[in-house]
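The block underneath contains the structure these notes are about, expressed in structure tokens.
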């Protein structure tokens, strides 16, 4: 543990909160440019159809400047999941598509002088749909009767395995099988998708947007517009939440195209319905788990098959299957295991990153199966897990990076104690009445720290100390709302012993930020970018000390850095770092600056355990989460207030997954839950108070011992809640979300 | 139609399409950008304003309906100094992440506190039940409002 930290580990206030709390923060929707045009997309209303678009009447609406369709655009296909050219993925979408492949597919863009004219024109465009039979849902895709593209709807399939599953199952006393399904989920960032693009005076395309990977936007925009990469400037704007939803370029390329064609700034905004239907969703899945166990509670083998709804375009078909698979090998120590991931095309919303990237789906089912396994042999579920969880520094059985300082065991034991597990288990039934059933449940989860071991995971940092006494750090980070900038500041402040307010870290901008290999995704920012900022700060600290010694003729050992001042031991003459920067320029003829590359050294696992108590109304099927405790192994927290915010917010999302959130799509492919009146996210009265415990054991490969937190938090509560419901009702509900209807059905079936 | 209303303490007298959503009127004609659009159907609360003392969603109100009324947005509270205490509490408690729901959250909380200076936790949660937040899980927002209550009661 780091004992003497001054800035790291403190709940310091983030600088952007003042503007946000005053309503002054400008998001893209608030930005205006001289001579700016407004735009909206026309999205398909049919799930699968050939289309013919008649825009004649719409073009007559006063103020309409242009309407583009597939006929007008460059015929360059791309894959919006691809964040650099090294990610191999089928390129099968255009900035405007030739055919409708899901309700919400981009088929036209309308650009006009005012929002009103654009909205009027959207209604005047005549779309003739020649409907084709469609593929809705995984089961329909598996049949391969209607094939969306190529020879089969199976877009991607891969097996991951260790040991010998057949042999291991022979050793098992019992094999416990469960089939579960998870739903499509809307990210529900409160800010809708938006983008503003313009061509500057020398022909650069400049794009402002809330995004997670500026270099991905730059790469795709340059590719589809056939422009030099170096002439596309993408600036990450203030972001009103993402949760993965703003990860893939959806608006950037088409908005940039319109601005380039029209040579005027274009602002493209989506409304909520557009975002729910026309962007990305968490992939739905159907997961089959078979776990072989011995009578004394050891898992000897496990077979998992995950069938995944990939949606209408390839996007993340491979990544989502592999992400689910890899997690399966990093929570329990299982000698023999086989995972098969199959991703299918369907005529529904394409899949994309969504907080947890596969972890919420896979754990949603495997953690219910673990409870059933424990129940089969009459063992306590916590004890069963303690018998089987991984140990610190274990190797990954399929050759992925080492698990690092994995503290899942401590999370479980600490949680059992705080939750008073054994006593509550004994007494919970005493609360039951004719109408209400009470239950407790728990679940575990694991997640990663970036791409090391799978994809290039490096970032470049350009750090300077300026004569104005500002530490200026250029690194390609994207604050999605969770406080990334503040996190980086506290890391640098700790190294340099300077108040974080003296540190300025602009967010990602392809013309300012040095290249970053993978963006603010995959839980890599604190661990990888934070590691990079720490190393860069250490290097500039070294340079600051060296220059101070050169300028003042002293030895390094006698130099002290404290509270933003540098001085010789026992000397009363103190200098600000800025003064040394000025003297460096004046007398050494150089800048006080370091440019460096940091390669992620590892990819340790993070762990979470959720304990919950639920009250189920057997008459209505309503569930109330009465109590919830979240225990997280995240290494050293850089800012505990931000960490708590992640845990509480992640729980809100996961409770929604357990109980009410679902993008419902009917057999014709129509999205029924097209706005918040039909897509229910947990609101304040339904949100329980989250109790939290952190296991802050240092991860040696992370900055000051830190690991990731922001995605992990959205995984364990959902299966813990279903385990608690099943505990309360003595059922085996494995379909998410456990809506009142499904709960009543499970009660009825049991009777 | 000429609309006469009091917006953030200023009398306005403007020729406006009465069927324009109040949200659009405030953002476009009055340049009050703290009023955000999150859903356009009165479900998310990002566009909350205080209309004659009541927190309402400005996306479900037509501009014609504010004739003779008083409208307050976050900019108005800032100008009058009434924002200071509630803003500081939100900041101190870490109740702000992406910030998109924040103006609406603050206005719903303010409308509650103006009517009831000593609300219970449940009353606070009910006051913000129409304000959705995806980042915070509401816990810190409720704490922030509770602290204002405590400090005022003391």
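Chains as they are written, first to last, in our numbering: chain E, -10 to 740; chain U, 17 to 170.
No residue lacks a Cβ here, since even glycine has one placed at the ideal position from N, Cα and C.
It should be emphasised that the depicted structure is a prediction, and the values quoted were computed from it without experimental measurement.
Beta-bridge pairing of residue i - partner residues as DSSP gives them
i, result
"residue 322 of chain E", "According to DSSP, residue 322 of chain E bridges with nothing at all."
"residue 340 of chain E", "E/270"
"residue 64 of chain U", "U/73"
"residue 352 of chain E", "Paired residue(s): none; residue 352 of chain E is not in a bridge."
"residue 582 of chain E", "E/453"
"residue 555 of chain E", "E/550 and E/564"
"residue 695 of chain E", "E/624"
"residue 148 of chain E", "E/329"
"residue 599 of chain E", "E/432 and E/619"
"residue 256 of chain E", "E/27 and E/185"
"residue 117 of chain E", "E/41"
"residue 22 of chain U", "U/27 and U/86"
"residue 570 of chain E", "BP columns for residue 570 of chain E are empty, so no partner."
Nonlocal neighbours in the same chain, by C-beta distance under 6 Å from residue i, ignoring five residues either side
i, result
"residue 691 of chain E", "516 and 624"
"residue 403 of chain E", "620 and 682"
"residue 109 of chain E", "50"
"residue 125 of chain U", "161"
"residue 112 of chain U", "106 and 118"
"residue 238 of chain E", "69, 206 and 209"
"residue 179 of chain E", "229 and 230"
"residue 413 of chain E", "429"
"residue 465 of chain E", "497, 502 and 505"
"residue 227 of chain E", "14 and 16"
"residue 2 of chain E", "none"
"residue 56 of chain U", "75"
"residue 363 of chain E", "370 and 373"
Residues near residue i in its chain [Cβ-Cβ closer than 7 Å; skip 5 each side]
i, result
"residue 454 of chain E", "460, 529, 533, 566, 567, 570 and 581"
"residue 42 of chain E", "58, 96, 97, 114 and 116"
"residue 32 of chain U", "17, 19, 41, 45 and 79"
"residue 52 of chain E", "101, 102, 103 and 106"
"residue 144 of chain E", "299, 303, 306, 332, 333 and 334"
"residue 733 of chain E", "610"
For residue i, the nearest candidate out of the options (CA to CA)
i, options, result
"residue 544 of chain E", "E/556, E/235 and E/64", "E/556"
"residue 378 of chain E", "E/322, E/613 and E/430", "E/322"
"residue 512 of chain E", "E/39, E/252, E/346 and E/104", "E/346"
"residue 445 of chain E", "E/508, E/738 and E/688", "E/508"
"residue 16 of chain U", "U/104, U/105, U/150 and U/164", "Within the shown structure, residues of chain U are numbered from 17 to 170, placing residue 16 of chain U beyond reach of any answer."
"residue 502 of chain E", "E/540, E/537, E/451 and E/541", "E/451"
"residue -1 of chain E", "E/693, E/699 and E/705", "E/693"
"residue 169 of chain E", "E/350, E/305 and E/93", "E/350"
"residue 5 of chain E", "E/731, E/468 and E/561", "E/468"
"residue 659 of chain E", "E/137, E/305, E/148 and E/336", "E/336"
"residue 707 of chain E", "E/730, E/738 and E/645", "E/645"
"residue 561 of chain E", "E/572, E/548 and E/573", "E/548"
Contact set for residue i: own chain, Cβ-Cβ below 8 Å, skip 5 residues either direction
i, result
"residue 194 of chain E", "186, 187, 188, 210, 214, 216, 220, 221, 222, 245, 248 and 249"
"residue 160 of chain E", "281, 283, 289 and 290"
"residue 486 of chain E", "-5, 550, 551, 552 and 553"
"residue 147 of chain U", "60, 61, 62, 64, 117, 120, 121 and 124"
"residue 484 of chain E", "523, 526, 527 and 530"
"residue 147 of chain E", "307, 310, 311, 314, 329 and 330"
"residue -9 of chain E", "Since pLDDT at residue -9 of chain E reaches only 49, below the 50 mark, its modelled position is unreliable, and no value is offered."
Test: residue i CB closer than 8 Å to a CB of chain B
i, result
"residue 151 of chain U", "Checking the listed chains, one finds no chain B in this structure; the protein chains it contains are E and U."
The ligand ZN heavy atom lying under 7 Å from the CB of residue i
i, result
"residue 635 of chain E", "This structure lacks the ligand ZN; in fact it carries no ligand of any kind."
Next on the checklist: Taking beta-carbon pairs under 8 Å, can you tell me which members of the region 115 to 139 of chain U lie near chain E?
Outcome noted: 115, 116, 117, 118, 119, 122 and 138
Checklist entry - If you scan the region 165 to 219 of chain E from start to end, which runs of the alpha helix (DSSP H) of 4 or more residues do you find wholly inside it? => result 203 to 213
Next on the checklist: What ranges does the beta strand (DSSP E) occupy inside the region 259 to 331 of chain E, keeping only unbroken runs of at least 3 residues that lie completely in it?
Outcome noted: 274 to 282 and 288 to 300
Checklist entry - Hey, which unbroken runs of the beta strand (DSSP E) at 3 residues or more fall wholly within the region 41 to 97 of chain E? => result 53 to 58
Next on the checklist: Give me the subset of the region 60 to 87 of chain U whose CB atoms are less than 7 Å from a CB atom of chain E, sorted by chain position.
Outcome noted: 60 and 62
Next on the checklist: Report the start-end ranges of each beta strand (DSSP E) in the region 433 to 466 of chain E that is 3 residues or longer and not cut off at the edges.
Outcome noted: 447 to 454 and 460 to 463
Checklist entry - What are the complete beta strand (DSSP E) segments, minimum 3 residues, inside the region 602 to 628 of chain E? => result 612 to 622
Checklist entry - Listed from N- to C-terminal order along the chain, which residues in the region 220 to 241 of chain E have their beta-carbon within a distance smaller than 9 Å of any beta-carbon of chain U? => result 227, 228, 229, 230, 231 and 232
Item to check | Contact list for the region 676 to 708 of chain E against chain U, Cβ threshold 8 Å | outcome: 676, 678 and 679
Item to check | Uninterrupted beta strand (DSSP E) stretches inside the region 670 to 695 of chain E (no shorter than 3 residues) | outcome: 679 to 684
Item to check | Contact list for the region 468 to 480 of chain E against chain U, Cβ threshold 8 Å | outcome: 469, 470, 471 and 472
Item to check | Residue ranges of each alpha helix (DSSP H) within the region 459 to 507 of chain E, 4 or longer | outcome: 473 to 485
Checklist entry - Using a Cβ cut-off of 9 Å, which residues of the region -2 to 15 of chain E contact any Cβ in chain U, in chain order? => result 0, 2, 3, 5, 6, 7, 8, 9, 10, 11, 12, 13, 14 and 15
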